[in-house]
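**Q** Questions regarding the structure given below will be posed in turn.
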Amino acid sequence: MVTGRNGSGKSTLLRILATAIRPHRGTARVEGLDLRGQTRDVRRRVALLSHHHYLYDSLTALENLQIAARFLNRDPSRKALLPLLAEVGLADRADDAPVGFSAGMRKRLALARVLLPPASVVLLDEPYGQLDPPGFRLVDRLVARWREQGATVLMATHLLERGGDLCDGAIVLDEGRLTWEGPAREVAAQSGLAAPVLVEGGA
Amino acid sequence: MQLVAAVHKDLLLQWRGRAQAIAIFVFGATSLLLFSFAIGPNAEALRQHAAGFIWLALLLSSTLTLAESFQSEMEEHALEGLLLLPADARALYYGKALANWAQLTLLGVALVPLTVVLYDAPLPRAGGLLGIIMLGAAGLSGPGTLYAAMTSQTRAQQTLLPLLLFPLVVPVLLASVKATSLLILGDPMGQLRSWTILLVCFDAIHWSVCGLLFDRVVED
Numbered sequence: 011m012v013t014g015r016n017g018s019g020k021s022t023l024l025r026i027l028a029t030a031i032r033p034h035r036g037t038a039r040v041e042g043l044d045l046r047g048q049t050r051d052v053r054r055r056v057a058l059l060s061h062h063h064y065l066y067d068s069l070t071a072l073e074n075l076q077i078a079a080r081f082l083n084r085d086p087s088r089k090a091l092l093p094l095l096a097e098v099g100l101a102d103r104a105d106d107a108p109v110g111f112s113a114g115m116r117k118r119l120a121l122a123r124v125l126l127p128p129a130s131v132v133l134l135d136e137p138y139g140q141l142d143p144p145g146f147r148l149v150d151r152l153v154a155r156w157r158e159q160g161a162t163v164l165m166a167t168h169l170l171e172r173g174g175d176l177c178d179g180a181i182v183l184d185e186g187r188l189t190w191e192g193p194a195r196e197v198a199a200q201s202g203l204a205a206p207v208l209v210e211g212g213a
Numbered sequence: 014m015q016l017v018a019a020v021h022k023d024l025l026l027q028w029r030g031r032a033q034a035i036a037i038f039v040f041g042a043t044s045l046l047l048f049s050f051a052i053g054p055n056a057e058a059l060r061q062h063a064a065g066f067i068w069l070a071l072l073l074s075s076t077l078t079l080a081e082s083f084q085s086e087m088e089e090h091a092l093e094g095l096l097l098l099p100a101d102a103r104a105l106y107y108g109k110a111l112a113n114w115a116q117l118t119l120l121g122v123a124l125v126p127l128t129v130v131l132y133d134a135p136l137p138r139a140g141g142l143l144g145i146i147m148l149g150a151a152g153l154s155g156p157g158t159l160y161a162a163m164t165s166q167t168r169a170q171q172t173l174l175p176l177l178l179f180p181l182v183v184p185v186l187l188a189s190v191k192a193t194s195l196l197i198l199g200d201p202m203g204q205l206r207s208w209t210i211l212l213v214c215f216d217a218i219h220w221s222v223c224g225l226l227f228d229r230v231v232e233d
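Structure, rendered in C-alpha cells:
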C-alpha cells in the first residue's frame with residue numbers, strides 16, 4: 011500500500027511504475043525489468059487502474075472492453091466479455107455509453123478493463139474512490155483474487171484501515187520522499203497520517 | 014493484428030461521431046460557396062479556379078477532421094490506456110491515419126458534385142479525379158495525424174495544428190490542385206502523370222517518416 015497526503019507523489023509513483031510517465035532521474039525495476047529500457051516488457055506484466063479511466067465516451071461499455079481485448083489478442087466477443095462486466099456489476103449496462111454513467115459506474119468499468127490483461131503486477135490508484143459500499147467489497151474481492159493468483163498488488167489509498175487489512179506492507183510518501191515503511195496494519199497507528207485531531211472546547 | 018484492431022477502433026469512433034463529420038462537410042460546402050462568391054458570375058474564371066478551391070475547402074476541413082480524431086483519445090486519456098496494454102504506437106498511428114484518410118476521401122468525393130454545380134466544372138474523368146482525391150487526402154492525413162497528436166494536448170490546438178500542418182503540405186496541395194485542374198480543364202501536354210508521381214512520392218515519404226516519429230510524439 012502507498013499512502014500519503016494529497017500531492018505526496020502516490021499517483022506519480024504508480025504512473026512511473028506503469029511506464030505511463032518517464033522518471034526524470036533514478037532507476038526503477040518491475041519484476042527485474044528496467045522501466046526505461048524494457049518498457050514494452052514491463053507493460054505486458056502491469057495493469058494500471060488510473061485516475062483517468064481510459065474510456066471512450068462515445069462507445070458502449072462492451073465496445074470499450076472489446077477494443078482493449080482486440081489489442082490484447084483476446085476474444086472480443088460479447089460472450090467472452092460479458093462475464094467481466096457482470097463481475098463489476100455492469101452486465102445490464104453493457105450496451106450503454108459510459109458518458110451516461112455515474113462516477114462510480116465509470117470506476118467499475120475501468121476495473122473491468124484492468125481485469126482484461128494477464129497482469130502479474132496490478133497498480134490501483136485510489137481504487138475505492140467514487141465507489142459505494144458494494145463497490146468497496148468488489149475491490150476487496152478483486153484484490154484477494156489477484157493475490158491468490160500470485161500477482162503483486164500495489165494500491166495508493168487514503169483508507170488506512172481498509173488498506174491495512176488488505177495489504178502486507180505500506181509506505182508513506184511526503185513530497186515524493188519515503189517517510190515511513192512498515193507493516194500495513196501499523197500504518198494508521200504509527201505513520202502519523204491518522205493522528206487524532208484535537209479540538210479545543212470553549213467550556 | 015494490432016493494425017486491424019486500431020483501424021477497427023478508429024472507424025468505429027468515426028461512425029459514432031458521424032454528426033461531427035456531417036458538420037465538417039457543411040463547413041467545406043460553405044467554404045466552396047463563399048469562394049465562388051469571391052470569383053463572381055464569370056463562368057470561365059469559376060471553372061479555372063475550381064480545382065484550387067475544392068482543395069482549399071478540403072484542406073481547411075481537414076484540420077477540423079484531424080483535430081476531432083484525437084479529441085476522444087484525450088478526454089479520458091484513452092490513447093495512454095492503449096499504449097499501456099501495450100498497443101504498438103505505430104499500429105495506433107497507421108490505424109488513425111487510415112481512418113482519417115478514409116474520412117477525408119469521402120469528404121473530398123462529397124464536395125465534387127457541389128464543385129461541378131457551383132463552378133460549372135466538367136467532370137470528364139471521374140475515376141482519375143477519385144484517384145487524385147485519394148492521393149491528396151493521404152498527403153493530408155499522413156502528416157496531419159502526426160501533428161494532430163502533437164497538438165492534441167495543447168490548449169491552442171485549433172490554431173497550432175494549421176500553423177504546423179499547412180507549410181508541410183504545400184507540395185501536396187500544389188500537386189493535387191495541378192492534377193485536378195488538368196483533369197477538369199484538359200491535359201494537352203500530358204503533365205498529369207508527373208504530378209501524380211509527385212503526389213505518390215510525397216505520400217510515401219510522409220507516411221513512412223510520420224509512422225516512425227509517432228512513437229516519440231506519444232511516448233515523450
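Protein chains in written order, with the working numbering: chain A, 11 to 213; chain B, 14 to 233.
A virtual CB, placed ideally from N, CA and C, is assigned to each residue, including glycine.
None of the values given here were measured: they were computed from a predicted structure.
1) At the 9 Å Cβ level, is Pro184 (chain B) part of the contact set with chain D, yes or no?
2) Is there a Cβ from chain B that is less than 9 Å from the Cβ of Thr49 (chain A)?
3) Counting only runs of 4+ residues fully inside the segment 123 to 161 of chain B, write out the alpha helix (DSSP H) ranges in chain order.
4) Is the distance from the Cβ of Pro143 (chain A) to the Cβ of Arg54 (chain A) below 9 Å?
5) Any beta-carbon of chain A closer than 9 Å to the one on Lys109 (chain B)?
6) State the CB to CB distance for the pair Trp156 (chain A) and Val163 (chain A), rounded to an integer number of angstroms; the pair is presumed to be in contact (CB under 8 Å).
7) Among the candidates B:Phe48, B:Leu69, B:Leu95, B:Ala19, whose CA atom is the shortest distance from the CA of Val231 (chain B)?
8) Identify each residue in the segment 46 to 79 of chain B for which the Cβ-Cβ distance to at least one residue of chain A is less than 8 Å, and report them in chain order.
9) Taking just the CA atoms, how far does Lys22 (chain B) sit from Ala134 (chain B)?
10) Identify the continuous beta strand (DSSP E) that holds Pro193 (chain A) and give its terminal residues.
11) Between Val230 (chain B) and chain A, is any beta-carbon pair separated by less than 9 Å?
12) May I ask you to report which of helix, strand or coil DSSP gives Met14 (chain B)?
13) Could you check the C-alpha separation between Glu86 (chain B) and Arg25 (chain A) for me, to the nearest Å?
14) How big is the Cα-Cα spacing for Val124 (chain A) and Ala38 (chain A)?
15) Report the partner residues of Gly131 (chain A) according to the DSSP bridge assignment.
16) Could you tell me if Arg88 (chain A) is buried or exposed, where buried requires 16 or more neighbouring beta carbons within 10 angstroms of its beta carbon?
17) Within 9 Å of any Cβ in chain B, is that where the Cβ of Leu125 (chain A) sits?
18) DSSP three-state call for Arg216 (chain A): helix, strand or coil?
19) Sorted by chain position, which residues of the same chain lie with C-beta nearer than 7 Å to Arg49 (chain B)'s C-beta, five sequence neighbours on each side aside?
20) Can you grab the Cα-Cα spacing for the pair Val194 (chain B) / Leu134 (chain A), in whole Å?
21) Counting only Cβ pairs nearer than 9 Å, list the residues of chain A close to Gly149 (chain B).
22) Under 9 Å, do Asp67 (chain A) and Pro108 (chain A) count as touching if we go by C-beta distance?
23) How big is the Cα-Cα spacing for Asp102 (chain A) and Thr70 (chain A)?
24) Tell me the residue span of the alpha helix (DSSP H) that contains Thr209 (chain B).
25) Measuring only the C-alpha atoms, how far is Leu159 (chain B) from Ala104 (chain B)?
26) Should the segment 76 to 96 of chain A be regarded as contacting the segment 116 to 132 of chain B, the criterion being three or more beta carbon pairs within less than 8 Å?
27) Quick test of the definition: if touching needs 3 or more C-beta pairs under 8 Å, does the segment 156 to 172 of chain B touch the segment 136 to 145 of chain B?
**A** Walking through what the data contain:
1) The structure shown contains no chain D; its protein chains are A and B.
2) Against the first sequence, residue 49 (chain A) aligns to sequence position 39. Judged by the 9 Å Cβ criterion, Thr49 (chain A) is in contact with chain B.
3) Complete alpha helix (DSSP H) runs here, min 4: none at all.
4) Working through the first sequence from its first residue, we reach residue 143 (chain A) at position 133. Working through the first sequence from its first residue, we reach residue 54 (chain A) at position 44. No, Cβ-Cβ distance for Pro143 (chain A) and Arg54 (chain A) is not below 9 Å.
5) Numbered from 1 along the second sequence, position 96 holds the residue referred to as residue 109 (chain B). So no, Lys109 (chain B) is outside the interface.
6) Counted from its first residue, the first sequence places residue 156 (chain A) at position 146. Counted from its first residue, the first sequence places residue 163 (chain A) at position 153. Going by Cβ atoms, the distance from Trp156 (chain A) to Val163 (chain A) rounds to 5 Å, so yes, they are a contact pair.
7) Here residue 231 (chain B) refers to the residue found at position 218 when the second sequence is read from its first residue. Of all alpha-carbon atoms in B:Phe48, B:Leu69, B:Leu95, B:Ala19, the one lying nearest the alpha-carbon of Val231 (chain B) is that of B:Leu95.
8) Along the segment 46 to 79 of chain B, none of the residues has a CB nearer than 8 Å to a CB of chain A.
9) Within the second sequence, residue 134 (chain B) is the residue found at index 121, counting from 1. Within the second sequence, residue 22 (chain B) is the residue found at index 9, counting from 1. Taking the straight line joining both Cα atoms gives about 38 Å.
10) As a position in the first sequence, residue 193 (chain A) is number 183, starting the count at 1. Residues 187 to 193.
11) Position 217 of the second sequence, counted from the first residue, corresponds to residue 230 (chain B). No, because no Cβ of chain A sits closer than 9 Å to the Cβ of Val230 (chain B).
12) Counting from one through the second sequence, the residue named residue 14 (chain B) turns up at place 1. Met14 (chain B) falls in the coil class under three-state DSSP.
13) Position 73 of the second sequence, counted from the start, is the residue given in the question as residue 86 (chain B). Position 15 of the first sequence, counted from the start, is the residue given in the question as residue 25 (chain A). Going by C-alpha positions, Glu86 (chain B) is about 18 Å away from Arg25 (chain A).
14) Start at 1 with the first residue of the first sequence, and residue 124 (chain A) comes out as number 114. Start at 1 with the first residue of the first sequence, and residue 38 (chain A) comes out as number 28. Taking the straight line from one Cα to the other gives about 22 Å.
15) The residue given as residue 131 (chain A) occupies position 121 in the first sequence. In the sequence as presented, Gly is not what sits at residue 131 (chain A); that position holds Val. Bridge partners of Val131 (chain A): A:Val56, A:Thr162.
16) The sequence position of residue 88 (chain A) within the first sequence is 78, counting from 1. Result: exposed.
17) By 1-based counting over the first sequence, the position of residue 125 (chain A) is 115. No, Leu125 (chain A) lies away from the interface with chain B (no Cβ there is under 9 Å from its Cβ).
18) Residue 216 (chain A) lies beyond the range of chain A shown here (11 to 213); nothing can be said about it.
19) The residue labelled residue 49 (chain B) in the question sits at position 36 within the second sequence. The sequence shown places Ser at residue 49 (chain B), rather than the Arg named in the question. Result list for Ser49 (chain B): Leu59, Leu131, Tyr132, in chain order.
20) If you number the second sequence from 1, residue 194 (chain B) lands on position 181. If you number the first sequence from 1, residue 134 (chain A) lands on position 124. Reading the sequence as shown, one finds Ser at residue 194 (chain B) and not Val. Going by C-alpha positions, Ser194 (chain B) is about 58 Å away from Leu134 (chain A).
21) The residue labelled residue 149 (chain B) in the question sits at position 136 within the second sequence. The premise fails here: Gly149 (chain B) is roughly 28 Å from chain A at the closest Cβ pair, so nothing lies under 9 Å.
22) Translated into the one-based positions of the first sequence, residue 67 (chain A) becomes position 57. Translated into the one-based positions of the first sequence, residue 108 (chain A) becomes position 98. Judged by beta-carbon spacing, Pro108 (chain A) lies within the 9 Å limit of Asp67 (chain A), meaning their Cβ atoms are closer than that value.
23) Residue mapping note: residue 102 (chain A) aligns to position 92 of the first sequence, counting from 1. Residue mapping note: residue 70 (chain A) aligns to position 60 of the first sequence, counting from 1. Taking C-alpha positions only, Asp102 (chain A) is separated from Thr70 (chain A) by approximately 12 Å.
24) For this step, residue 209 (chain B) is matched to residue 196 along the second sequence. 205 to 232 is the span of the alpha helix (DSSP H), which, as asked, contains Thr209 (chain B).
25) Residue mapping note: residue 159 (chain B) aligns to position 146 of the second sequence, counting from 1. Residue mapping note: residue 104 (chain B) aligns to position 91 of the second sequence, counting from 1. A direct Cα-Cα distance of roughly 13 Å separates Leu159 (chain B) from Ala104 (chain B).
26) At 8 Å Cβ cutoff, the stretches do not touch.
27) Not touching, per the Cβ criterion.
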